[in-house]
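J.: Dumping the structure here so I can ask a few things about it.
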Amino acid sequence: MNKGKWFVRVASLVILMGFFLPSVLVSCSGGFIEANQAFSLSDLASYAKQSALYILPIGVIATAILTFLKAKNTTQSIAYFWGQVGLVAVGLISVIGSLITVYNQVQGGSYGLFKVNLSFGAFVLIGGIAVMIVGLVMEWKVQKQTQEEGARVPIRNGDLFHQDVQLMGAPQIPIQDPVSSSGAYLELISGNLSTRMFPLHGDNFVIGRSSNSHLRLPDPAVSRIHVCLRNAQSMWFLQDQQSTGGTLVNGRETDAVRLNNGDEITIGPFQFIFHSGY
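Under the numbering used here, think of the first position of the sequence shown as 45, with each following residue one higher.
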């Protein structure tokens, strides 16, 4: 689960509420009369004719909507992220510009009789903006990690998988035609997949969340390129590809290990039994 998106959604709701709460307190002290009146940003947009203030609620609503859109690829995901950043930035700029204009108008025509202070709604807005920034930073970190992992994704070419970049920490082994000669396979014992048996084809069998993986595990706990199983000299080796959640073999986290018949492999919520086939 992308926690950053939830931060952005909650922040959008808080900012939207703050838009209608009293944010500015105008005090007038003249002679023996002292009067106070609180205004929300919604009031200022109407009374002070600052229509640009409406850009903020429209922007945060659109930002929240973008967090619910499912990107088809990395490029689209990046576009959605920068769309959120742009909408928030434009909304904040419009608010700051409008408030400066209103403040100058009040001070210019009041001869110092009016004082402008922040009210409760302003602190709600500031808190919402702070949460929004945290959420966007968290989203950016996820985007950055996805791009880094995507650079190691093997590219499909017909029925073969060719690696344009060597998998992290893995020795160079020529990729042969993916015909299952060893008879090795993985047996799913835990996890929600429609198939229970997965033959290990070729010499390089990639497991991960990416659609380009030989075995795709659609779960957020699984990295795009999580682990690679390599066949060399009639032996199978497991090599973790610097995954976020790590890989367990027989209950112990490992980066690289030779697999033996009956070994239990845990990747996120999925558990497999390795069968050597020999």
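Note that CB positions come from ideal geometry on N, CA and C, so glycine has one too.
The structure displayed is predicted, hence computed values, not measured ones.
1) Could you check if Phe167 is buried or exposed, using at least 16 other CB atoms within 10 Å of its CB as the buried criterion?
2) Would you say Leu261 and Gly295 are within 8 Å of each other, going by their C-beta atoms?
3) Would DSSP call Ser84 helix, strand or coil?
4) For Val266, does the three-state DSSP call read helix, strand or coil?
5) Take Trp280 as the anchor and find which of Val271, Ser287, Thr288 and Gln286 has the nearest alpha-carbon.
6) Sort out for me which residues DSSP pairs Ser90 with in a bridge.
7) Looking only at DSSP bridge pairs, what is Thr310 linked to?
8) Just how far apart, CA to CA, sit Ala195 and Gln187?
9) So, is the C-beta of Glu308 closer than 8 Å to a C-beta in chain B?
10) For Lys114, does the three-state DSSP call read helix, strand or coil?
11) Out of curiosity, what's the CA-to-CA distance linking Glu231 and Gly135?
12) What number of angstroms, rounded off, separates the C-alpha of Tyr229 from the C-alpha of Phe318?
13) Candidates Glu183, Ile233, Lys93 and Phe164: which alpha carbon is nearest Gly62's?
14) Report yes if the C-beta of Pro262 is less than 7 Å from at least one heavy atom of the ligand MN; otherwise report no.
15) For Asp203, name the three-state secondary structure that DSSP assigns.
16) Are Val52 and Leu143 touching if we call contact CB-CB under 8 Å?
17) Can you list, in chain order, the residues of its chain whose CB lies under 8 Å from that of Gln149, leaving out five sequence neighbours each side?
18) Would you decide whether Cys309 is buried or exposed? Buried here means 16 or more other CB atoms lie within 10 Å of its CB.
19) How is the beta strand (DSSP E) around Gly252 delimited, first residue to last?
20) Residues in its own chain within less than 8 Å of Leu113 by CB, not counting five upstream and five downstream?
T.: Taking the coordinates as given:
1) Working through the sequence shown from its first residue, we reach residue 167 at position 123. Its Cβ having fewer than 16 others within 10 Å, Phe167 is exposed.
2) What you label residue 261 is simply residue 217 of the sequence shown in a count that begins at 1. What you label residue 295 is simply residue 251 of the sequence shown in a count that begins at 1. Going by C-beta atoms, Leu261 is not nearer than 8 Å to Gly295.
3) Residue mapping note: residue 84 aligns to position 40 of the sequence shown, counting from 1. Strand at Ser84.
4) Locating residue 266 in the sequence shown gives position 222, where the first residue counts as 1. If DSSP states are grouped into helix, strand and coil, Val266 belongs with coil.
5) By 1-based counting over the sequence shown, the position of residue 280 is 236. Comparing Cα-Cα distances from Trp280 to each of Val271, Ser287, Thr288 and Gln286, the minimum goes to Val271.
6) Within the sequence shown, the letter at position 46 stands for residue 90. Ser90 is not bridged to any residue.
7) As a working mapping, residue 310 is identified with position 266 in the sequence shown. Answer is Leu292 and Gln315, bridged to Thr310.
8) As a working note, residue 195 is residue 151 in the sequence shown. As a working note, residue 187 is residue 143 in the sequence shown. Because the pLDDT of Ala195 is 47, which lies under 50, any placement of that residue in the model is unreliable, and the question is left without a value.
9) Here chain B cannot be found, since the structure has a single protein chain.
10) Working through the sequence shown from its first residue, we reach residue 114 at position 70. Looking at Lys114 - three-state DSSP - the assignment turns out to be coil, as it is neither helix nor strand.
11) In the sequence shown, the residue the question calls residue 231 occupies position 187. In the sequence shown, the residue the question calls residue 135 occupies position 91. Roughly 53 Å between the two C-alpha positions.
12) Counting from 1 along the sequence shown, the entry for residue 229 is found at position 185. Counting from 1 along the sequence shown, the entry for residue 318 is found at position 274. Cα to Cα, Tyr229 sits roughly 6 Å from Phe318.
13) Your numbering for residue 62 matches position 18 in the sequence shown. Of the candidates Glu183, Ile233, Lys93 and Phe164, the one whose C-alpha sits nearest the C-alpha of Gly62 is Phe164.
14) This structure lacks the ligand MN; in fact it carries no ligand of any kind.
15) Reading the sequence shown from its first residue, position 159 is the one you call residue 203. Any reading at Asp203 is ruled out, since the residue's pLDDT is 37, under 50, leaving its predicted position unreliable.
16) In the sequence shown, residue 52 corresponds to position 8, counting from 1. In the sequence shown, residue 143 corresponds to position 99, counting from 1. Contact flag unset, no.
17) Residue 149 sits at position 105 when you count from the first residue of the sequence shown. Correct list, in chain order: Ala92.
18) Your numbering for residue 309 matches position 265 in the sequence shown. The question names Cys, but residue 309 in the sequence shown is Ile. With 16 or more other Cβ atoms within 10 Å, it is buried.
19) As a working note, residue 252 is residue 208 in the sequence shown. First-last of the beta strand (DSSP E) with Gly252: Asn248 to Gly252.
20) As a working note, residue 113 is residue 69 in the sequence shown. Closer than 8 Å at the Cβ level, and outside the excluded window around Leu113, lie Tyr124.
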